[in-house]
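The structure appears right after this line, and notes come after that.
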Amino acid sequence: MFNSRNLLTGKHKYLFGLILVSFISVICLAFTMADSDNFDIARREVLLRRIGHEILLQSGDSVSRVLPVEKIGANEYRISFENAFTFQPESLVNTTRHLLAKDPLTGDYIVNVLNCNNASIAYGFAISSDKKDDVIACSGRKQPTARYMMDIKFKPTSINTVKKVSILGGLPVLAFVGFIFLRSVKRRKMLPEIKDTDILTLGPVLFDAKNRKLIINEKTIDLTGTETRLLSIFAMSPNETIERSRLQKEIWEDEGVIVGRSLDMFISKLRKKLEPDARIKITVIRGKGYKLEISS
1239 MFNSRNLLTG KHKYLFGLIL VSFISVICLA FTMADSDNFD IARREVLLRR IGHEILLQSG
1299 DSVSRVLPVE KIGANEYRIS FENAFTFQPE SLVNTTRHLL AKDPLTGDYI VNVLNCNNAS
1359 IAYGFAISSD KKDDVIACSG RKQPTARYMM DIKFKPTSIN TVKKVSILGG LPVLAFVGFI
1419 FLRSVKRRKM LPEIKDTDIL TLGPVLFDAK NRKLIINEKT IDLTGTETRL LSIFAMSPNE
1479 TIERSRLQKE IWEDEGVIVG RSLDMFISKL RKKLEPDARI KITVIRGKGY KLEISS
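Per the numbering used here: the sequence shown = residues 1239 to 1534.
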């Protein structure tokens, strides 16, 4: 026969361990995703420098530098150049599209080529994940030699955001499930675990909790559900005082009902059903509670 309190403690430990492991796993996964994002962003910046390098080569410049790539907004970058150069719009579009296709974070983006002296837009185009939505103009018109800089603005991607929200949002869900499970365990804790064929022997009395019956002097007496729960608690601690507050809590309060004299009434009914054998009885311990006394 299992002790209901030991069983409950085991379930508490299992539940706590499950929540703790799940919480740690979610946090680790979130950090892993953050590290992955940081890597992809660093790789994107390398690709942007590569775009600047290819544009200079196409203009016949293999000497001057591509200046450090600047992040000028949450999803916007600037490629600056050391010297003036010229560019062919069609080549610029093709080079940018080809290289950014290698960026896993890139979806839609807009490219503007600006004059450094007054920040006016010399050329621009928009690339979409759906090619028919691309906006490309002025191809074939070579641009004059000047000091240019390129601003590339990426449309925010929602995939990673959704993943993070789903993961972190799962924490309160996990906590809620744990809370429901814990309440369910608490509601069952007053019932001892009894196999289908188990019958408790309480001195001269046989107690069949599963079928809610007492067998006294070969006579079968039916019990109510509440009487069965009461006797189950007493049966787990025979000849020991059970506090009144514990009985109230385990029988009713955990079910959301607060009782007053109801306990006395059910104790009285249970006593009468045990009366056929004087060797087992429930006695009142004044100021404390009740005791199931069993004598041989």
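Ideal placement from N, C-alpha and C gives every residue a C-beta, glycine not left out.
Keep in mind it's a predicted model, so treat the numbers as computed, not measured.
Which residue from G1345, S1533 and I1437 puts its Cα closest to that of R1449?
The count along the sequence shown starts at 1 and reaches residue 1449 at position 211. Residue identity check: residue 1449 is Asn in the sequence provided, not Arg. It is I1437 whose Cα lies nearest to the Cα of N1449.
Would you check if there are 3 or more beta carbon pairs closer than 8 Å linking the region 1380–1394 to the region 1309–1326?
yes
Figure out for me which residue from L1343, N1477 and E1465 has the closest Cα to the Cα of L1440.
One-based indexing of the sequence shown puts residue 1440 at position 202. Residue N1477 is the option with its Cα nearest to L1440.
If the criterion is Cβ atoms closer than 9 Å, does the pair I1518 and L1501 meet it?
By one-based count along the sequence shown, residue 1518 stands at place 280. By one-based count along the sequence shown, residue 1501 stands at place 263. For I1518 and L1501, no; Cβs fall outside 9 Å.
Say whether the region 1454–1470 touches the region 1513–1533, bearing in mind that this needs 3 or more beta-carbon pairs closer than 8 Å, one atom from each stretch.
yes
Leaving out five residues on either side along the sequence, give the residues of the same chain with a beta carbon under 6 Å from the beta carbon of T1464.
On the sequence shown, position 226 is the one that residue 1464 refers to. Here the set comprises F1504.
By Cβ distance, which residues of its chain are closer than 6 Å to L1444, with the 5 residues on each side in sequence left out?
For the purposes of this step, residue 1444 is taken as the residue at position 206 of the sequence shown. For L1444, where only same-chain residues beyond five positions count, the Cβ hits under 6 Å are I1437 and I1453.
For V1373, which option in P1394, D1346 and A1360 has the closest C-alpha, if you only look at C-alpha atoms?
Taking the sequence shown and counting its residues from 1, one reaches residue 1373 at position 135. Residue D1346 is the option with its Cα nearest to V1373.
On the criterion of 16 or more Cβ atoms from any shown chain inside 10 Å, does L1468 qualify as buried, or is it exposed?
Taking the first residue of the sequence shown as position 1, residue 1468 is located at position 230. Counting Cβ neighbours within 10 Å, L1468 comes out buried, since at least 16 surround it.
So K1511 is in the beta strand (DSSP E); what residue range does that whole segment cover?
To locate residue 1511, count along the sequence shown from 1; it is residue 273. Taken as a continuous stretch (DSSP letters only), K1511 belongs to no beta strand (DSSP E), being part of the alpha helix (DSSP H) at S1500 to L1512.
For F1323 and I1310, the rounded distance between their alpha carbons:
Here residue 1310 refers to the residue found at position 72 when the sequence shown is read from its first residue. Here residue 1323 refers to the residue found at position 85 when the sequence shown is read from its first residue. Each residue's Cα considered, the two are about 23 Å apart.
Reference L1295, options A1357, R1482, T1333 and L1338, closest by Cα
Locating residue 1295 in the sequence shown gives position 57, where the first residue counts as 1. Nearest to L1295 by C-alpha distance, out of A1357, R1482, T1333 and L1338, is T1333.
Beta carbon of D1371 nearer than 9 Å to that of R1282
Taking the first residue of the sequence shown as 1, we reach residue 1371 at position 133. Taking the first residue of the sequence shown as 1, we reach residue 1282 at position 44. Contact: no.
Excluding sequence positions up to five away, which residues of its chain have a Cβ less than 6 Å from the Cβ of I1459?
Walking along the sequence shown from the start, residue 1459 turns up at place 221. Closer than 6 Å at the Cβ level, and outside the excluded window around I1459, lie L1452 and K1511.
Distance CB(N1350)-CB(K1391) smaller than 9 Å:
Counting from 1 along the sequence shown, the entry for residue 1350 is found at position 112. Counting from 1 along the sequence shown, the entry for residue 1391 is found at position 153. Yes, they are a contact pair.
Based on the DSSP secondary-structure assignment, which residues constitute the bridge partners of K1457?
For the purposes of this step, residue 1457 is identified with residue 219 of the sequence shown, where counting begins at 1. BP columns for K1457 point to I1454.
Candidates A1375, G1525, S1358 and Q1381: closest to D1389 by CA position
The residue given as residue 1389 occupies position 151 in the sequence shown. The residue with the shortest Cα to Cα distance from D1389 is S1358.
Starting from G1463 and walking both ways along the alpha helix (DSSP H), at which residues does that stretch end?
In the sequence shown, the residue the question calls residue 1463 occupies position 225. Looking at the DSSP string, the run of the alpha helix (DSSP H) that includes G1463 is G1463 to M1474.
Which same chain residues end up closer than 6 Å to E1314 when comparing Cβ atoms and leaving out the 5 residues on each side of it in sequence?
Locating residue 1314 in the sequence shown gives position 76, counting from the first residue. Correct list, in chain order: K1391.
I'd like to confirm the pairing. Which residues does DSSP put opposite I1310 in its beta bridges?
Numbered from its first residue, the sequence shown carries residue 1310 at position 72. DSSP lists no beta-bridge partner residue for I1310.
Where does T1383 fall in DSSP's three states?
Taking the sequence shown and counting its residues from 1, one reaches residue 1383 at position 145. Of the three classes helix, strand and coil, the one that applies to T1383 here is coil, per DSSP.
Residue environment, I1365, which counts as buried when at least 16 other CB atoms sit within 10 Å:
Residue mapping note: residue 1365 aligns to position 127 of the sequence shown, counting from 1. Buried, since its Cβ has 16 or more Cβ neighbours within 10 Å.
Check R1316 in the structure and name its three-state DSSP category.
Along the sequence shown, one-based indexing puts residue 1316 at 78. Three-state DSSP puts R1316 in a strand.
Cβ neighbour criterion (16 or more within 10 Å) applied to V1301
As a first step, residue 1301 is located in the sequence shown; it is residue number 63 there, counting from the start. Exposed, since its Cβ has fewer than 16 Cβ neighbours within 10 Å.
Can you list, in chain order, the residues of its chain with a C-beta nearer than 8 Å to that of E1481? Leave out the 5 residues immediately preceding and following it.
Along the sequence shown, read from residue 1 onward, the residue named residue 1481 stands at position 243. So the qualifying residues of the chain are K1526 and G1527.
Can you name the start and end residues of the alpha helix (DSSP H) that I1489 belongs to?
As a first step, residue 1489 is located in the sequence shown; it is residue number 251 there, counting from the start. Residues R1482 to I1489.
Neighbourhood of K1393 by C-beta, 6 Å cutoff - its chain only, sequence neighbours within 5 removed
Within the sequence shown, numbered from 1, the residue matching residue 1393 stands at position 155. Correct list, in chain order: G1345 and D1346.
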